[in-house]
Amino acid sequence: MDRTATLGAIPRHAPRHEKKSSTGAAAWLALVELWAARRRQRQALALLAEDDHLLDDIGVSRGEALGETAKPFWRR
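First residue of the sequence shown? That's 39 in the working numbering, and the numbers climb one at a time after it.
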């Protein structure tokens, strides 16, 4: 029997550690994107916090807005 023919039939898979690292990289990327979104949203909220009429439109008090904008990006 020809060994090359049988080796070609064996499915090739990445080793387990490579799959985990790519999943880990995707998870890190998702986390960084989440942090960036929080930062942008809190910066926008800080601008809204300067105008009580805008805060009333979104149903947030000035204290709530300033409390949220004071949080670091990694905190919910």
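By construction, the Cβ of each residue, glycine as well, lies at the ideal position given by its N, Cα and C atoms.
In chain order, F111 place their CB closer than 8 Å to the CB of R77, counting only its own chain and leaving out the 5 sequence neighbours on each side.
Remark: three or more beta-carbon pairs, one from each stretch, lie closer than 8 Å, so the region 82 to 90 and the region 98 to 114 are flagged as touching.
Taking 7 Å as the cut-off, the beta carbon of T61 is found no closer than this to the beta carbon of R80.
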